[in-house]
Amino acid sequence: MGRYVLRRLLQMIPVFVGATLLIFLMVNVMGDPVAGLCGERACDPATTAQLEKEFGLDKPVWQQYLTYMGNVFTGNFGTAFNGQPVTELMASAFPVTVRLTVVAVLFEIVIGITLGVLTGMRRGRPVDTSILVLTLVVISVPTFVTGLLLQLLLGVQWGWIKPSVSPQAAFGELIVPGLVLASVSLAYVTRLTRTSLAENRRADYVRTAVAKGLPRHRVVTRHLLRNSLIPVVTFIGADIGALMGGAIVTERIFNIHGVGYQLYQGILRQNTQTVVGFVTVLVLVFLVANLLVDLLYAVLDPRIRYA
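All residue numbers for the sequence shown refer to the UniProt record's numbering, where the first residue is 1 and numbers rise by one.
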């Protein structure tokens, strides 16, 4: 196991370098970082030259990237155009988005897997058909429509929740936004669990467990569900990074000042340091989540062993 983890960590290095290089090039080469400093009016040549020198934009691109990566490994993600260090923005934004992601993942695990087991064990019955239709509707409706509808009904008309989340963003306030964020993924988890469970029900080891006279609940939980969760864990692990980086719409609807909000502001104001810094951390989140998913395979399926 230790060798495997070390090998995977070494494999993450070129992936991290390649991903950050691509992001850096797209933001700094294809865009115009100086334009965000000057606002709506174009900078005069003297001001442009001064700003490029101040932020190191007058150097070759490869040198800019090496400088940036050197700063990243020392914990310095640069300074936003308003003079605030990017690390301060991260310190305020990431805890909020992490709490929102935890709520969303809990919805996926609890509701998604429960509905998947319910439909997988009752294929072809009315409950199976009803849940499949419901998940199809959820997948078809855009997230911003679901979010605005719940905000209007629960927050404005019925007054059950606050339409806008407070700056503290406590877990209680993030239940509805978390449900909105997880809605599409929850539907996919339900369908994926159902399909995997239905396929494994015909496996030999399930028939053997039933033939031995094991109780039904033990066959389902200890044998059938455990092996059926492998593709579900893969999806949820990859979805963690997507939820953190893709929460822009949900955070805008409920006024949550998290990662999505900061990315939106950075893109809107062409604040390249903010965008590159936040996306760099999100790349690390993706890589770590994928590593944890691979390690969970051995827990779920004893036949999997890492040398």
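Just so it is clear, CB atoms sit at the ideal spot from N, CA and C, and this is done for glycine as well.
Inset, instruction - Taking 8 Å as the cut-off, decide whether the C-beta atoms of Val184 and Phe254 are in contact. - result: no
Legend entry - Rounded separation between Val293 and Ala80 - CA only: 34 Å
Inset, instruction - Going by CA-CA distance only, name the one from Lys53, Val61, Ala46, Leu6 that's closest to Ile23. - result: Val61
Inset, instruction - Note down, in chain order, each residue of its chain lying with its Cβ closer than 8 Å to the Cβ of Gly75, except the 5 sequence neighbours on either side. - result: Thr87
Inset, instruction - Pull up the distance between the alpha-carbon of Thr280 and that of Leu214, whole angstroms please. - result: 50 Å
Inset, instruction - Please classify Thr79: does DSSP put it in a helix, a strand, or coil? - result: strand
Legend entry - Rounded separation between Asn271 and Gln262 - CA only: 10 Å
Inset, instruction - State buried or exposed for Phe107, treating a residue as buried only when at least 16 other CB atoms are found within 10 Å of its CB. - result: buried
Legend entry - Assigned exposure category for Gly120 - 16 Cβ within 10 Å defines buried: buried
Legend entry - Three-state class that DSSP yields for Pro142 in the structure shown: coil
Legend entry - Pro215 in three-state terms, based on DSSP: coil
Legend entry - DSSP state of Pro85 mapped onto helix, strand, coil: strand
Legend entry - Beta-carbon proximity of Tyr205 to His217, cut-off 8 Å: no
Inset, instruction - Measure from the alpha carbon of Thr114 to the alpha carbon of each residue in Leu6, Gly70, Thr208, Arg191, then state which is nearest. - result: Arg191
Legend entry - Leu181 vs Leu100 beta-carbon contact at 8 Å: yes
Inset, instruction - Out of Ile131, Gly124, Asn71, Ile236, point me to the one whose CA is closest to Gly116's CA. - result: Ile131
Legend entry - Residues near Pro163 by beta carbon distance below 7 Å, same chain, minus five either side: Gln151, Gly155, Val156
Legend entry - Leu136 beta carbon less than 8 Å from that of Val127: no
Legend entry - C-alpha gap between Gly178 and Val283, whole angstroms: 22 Å
Legend entry - Inter-residue Cα distance where the pair is Gln11 and Val17: 11 Å
Inset, instruction - Could you name the residues of the same chain whose beta carbon sits closer than 7 Å to that of Val27, not counting the 5 residues immediately before and after it, in chain order? - result: Thr272, Val275, Val276
Legend entry - DSSP three-state assignment for Phe254, whether helix, strand or coil: coil
Legend entry - Val138 vs Ala187 beta-carbon contact at 8 Å: yes
Legend entry - Closest residue to Asn200 among Glu251, Asn71, Val219 (Cα-Cα distance): Val219
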